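Printed below as a string of structure tokens:
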């Protein structure tokens, strides 16, 4: 390892790309470690792939879409000896890489854009973190140490995602950031690991003070109703009542009754005003220093008693004691993201290796303790050192991996057996992920749209934050106006709900009795009700004050209409998880319920969708760029070449021309042939 260190210890300043020399030398050292291990085990590496395979793989692996025909042609026609290295560096700095990387992180972290308002804020925050290339350790620390309302700190979305599920959240946290499966220890000592139930609760105790409360709302209500800390003393007059002095006694008693009535009035007003802030607790985190985590009542081990309060303790690494109750989550975040943490750096380095090559050096990405030994342990250590040397700059770390010789090799002929170490004689053959497939269709139909940003998401979040700040700075008069409007809206909602329920009963009876005209009449009334309840109708009667406060008062603040049509945006620009029936959901896109839940398993509906789905229709109709370009070509040779460059990123060989030119003699036959190419394994798989 000594000879590797000079490349890893080059001073690094975040946001400035590493020099070509450092990148290539570090990549070369990775290849040498790999080759040395393969030589010892008599493993023969795959040969270097041809230009066509390389350019297609580079675009799909680095930026998550196919190259356009022009991009493929430009690379294939170039005679520059450095064209592969130059292409990698260009793609790493492109918007497309950030798009693909965001999909990866949001799947791993289970981001749900439309799950409460905090989900939208977390989506926007994470997108900006990827866009600005926030160092990985800083990004994770910001989430694990998050506090306050999500409008002030959207990284709080990480904990709010698992609101009320403290013990489950700690399991996911350790799985995602430390590669350990400790969930079993929530209920009993881990049967396949050394983690005990006591250790699980000790670690979870760092989050014991976590509450979903927003103290700012309580303070605002106190401000509006005029409650102060001296109210109790003023109620008693600051002293004891003199019962011997009858006149004085009656006066004090009357004063106390008046003050008590005033307090009751204020209490009722506070309860009424709380409706404005009723959803704020759902989007906020706070720390309760007095709160402790206790062992469950059925705890059965000798190292603790049922119901016993537990002090925080790290799961592995250095011991800690006397953790300040108000700093528990921050201390936890410091430990979880520390360079000295046993797993933090290694786990992310291994995850990104699997992200690049299809499989981890340590096979079990989420269960290191029970993973078989890697074939190249020295490589695991080196990758950890490389991650630290880049100061957790994910973009530069991936750039190193893309510059390895391994990234240029032909795919392995052997499929890795899940749960067993792999020799990496070449990258893994894999099917395109759902987002890659969809974004390739989008690119074929609309050209390079990597720069098309859905500004509606950030604008919606900014509008919510602005509304939140308006409410928190509103005058007592404005707060009361907002409350009156909220009360009226709630009454309208209940009235509408009742009318709708009654109409549904009437509609069902009319349908059952065959009263066609009655059914039509009720359906018309339904339409009127929907229009009455629409956003446009509600806003028409709003004052400036209530209009500004609306987003902050609502339970959910949904994103505005997208800046572009869905088929002119990358998947990363669309709220997730995508609904059932959409292309991404159909092809295995993540449901965001468990970390990294996306899959590439084939199904019959997928084949039918490729043959007859909306996406294929848009691609092949005359309005799409792909169809327009093909229709303008006059000869079969030109059409076949365009199809191969667009779908396979290659020129057709002599044999392919002989076999397929008859299939593209007419535009209609060309369209049918293109449909066949789209359903082929050569198109669907990343070689």
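Numbering (this note's numbering), first residue to last: -11 to 675.
In this text, a Cβ means the ideal position worked out from N, Cα and C, and glycines have one as well.
Since the structure is predicted, the reported quantities are computational estimates derived from the model, not experimental observations.
Quick one: Cα of residue i to Cα of residue j, how far?
i           : j           : result
residue 301 : residue 94  : 29 Å
residue 220 : residue 169 : For residue 220, the pLDDT reaches just 46, beneath the cut-off of 50, and the residue's location in the model is therefore unreliable, although a value from the coordinates is still provided. Those two C-alpha atoms are separated by around 52 Å.
residue 520 : residue 506 : 21 Å
residue 130 : residue 322 : 10 Å
residue 468 : residue 450 : 24 Å
residue 646 : residue 7   : 47 Å
residue 396 : residue 75  : 12 Å
residue 655 : residue 143 : 52 Å
residue 619 : residue 419 : 29 Å
residue 267 : residue 541 : 7 Å
residue 496 : residue 478 : 27 Å
residue 247 : residue 483 : 37 Å
residue 436 : residue 46  : 16 Å
residue 593 : residue 390 : 34 Å
residue 678 : residue 318 : Here the chain comprises residues numbered -11 to 675, so residue 678 is not present and cannot be evaluated.
residue 217 : residue 211 : With a pLDDT of only 38 at residue 217, under the threshold of 50, the placement of this residue in the model should not be trusted; the figure read from the coordinates follows. Going by the C-alpha atoms only, they are around 12 Å apart.
residue 191 : residue 253 : 45 Å
residue 398 : residue 351 : 21 Å
residue -1  : residue 134 : Confidence at residue -1 is low in this model, with a pLDDT of 39, below 50, so its placement is unreliable and no value can be given for it.
residue 280 : residue 176 : 20 Å
residue 81  : residue 472 : 52 Å
residue 392 : residue 49  : 14 Å
Starting from residue i, follow the alpha helix (DSSP H) in both directions and report where the run begins and ends.
i           : result
residue 23  : 8 to 28
residue 471 : 464 to 500
residue 383 : 382 to 390
residue 333 : 332 to 345
residue 162 : 154 to 166
residue 627 : 624 to 635
residue 62  : 57 to 65
residue 365 : 365 to 377
residue 74  : 71 to 80
residue 695 : Only positions -11 to 675 of the chain appear in the structure, and residue 695 is not among them; the question remains open.
residue 676 : Beyond the ends of the chain as shown, which are -11 and 675, falls residue 676; an answer cannot be given.
residue 37  : Here residue 37 belongs to no alpha helix (DSSP H), and DSSP marks it neither H nor E.
Exposed or buried, residue i, counting other C-beta atoms within 10 Å across all chains shown (16 or more means buried)?
i           : result
residue 100 : buried
residue 86  : buried
residue 344 : buried
residue 28  : exposed
residue 405 : exposed
residue 327 : exposed
residue 596 : exposed
residue 375 : buried
residue 590 : exposed
residue 182 : exposed
residue 42  : buried
residue 333 : buried
residue 289 : exposed
residue 194 : buried
residue 9   : exposed
residue 512 : exposed
Can the beta-carbon of residue i be found less than 7 Å from the beta-carbon of residue j?
i           : j           : result
residue 105 : residue 269 : no
residue 452 : residue 537 : no
residue 316 : residue 407 : no
residue 83  : residue 381 : no
residue 209 : residue 261 : yes
residue 155 : residue 174 : yes
residue 668 : residue 40  : no
residue 25  : residue 364 : yes
residue 577 : residue 422 : yes
residue 442 : residue 550 : yes
residue 274 : residue 207 : no
residue 649 : residue 628 : yes
Grab me the residues of residue i's own chain with a C-beta within less than 7 Å of its C-beta, minus the 5 sequence neighbours each way, in chain order.
i           : result
residue 682 : Residue 682 falls outside the range modelled here, since the chain spans only -11 to 675, and no answer is possible.
residue 30  : none
residue 439 : 83
residue 384 : 5, 6, 378
residue 189 : 281, 283, 298
Whose C-beta lies closer than 8 Å to the C-beta of residue i among residues of the same chain, with five residues either side of it excluded?
i           : result
residue 427 : 52, 53, 87, 558, 559
residue 23  : 33
residue 146 : 97, 110, 131, 132, 134
residue 616 : 610
Using a Cβ-Cβ distance cut-off of 7 Å, determine whether residue i contacts chain C.
i          : result
residue 76 : Judged by its chain identifiers, the structure shown contains no chain C, having just a single protein chain.
List the endpoints of the continuous beta strand (DSSP E) containing residue i.
i           : result
residue 275 : 272 to 275
Give every residue of the same chain whose Cβ lies closer than 6 Å to the Cβ of residue i, excluding the five residues on either side of it in the sequence, and list them in chain order.
i          : result
residue 61 : 633
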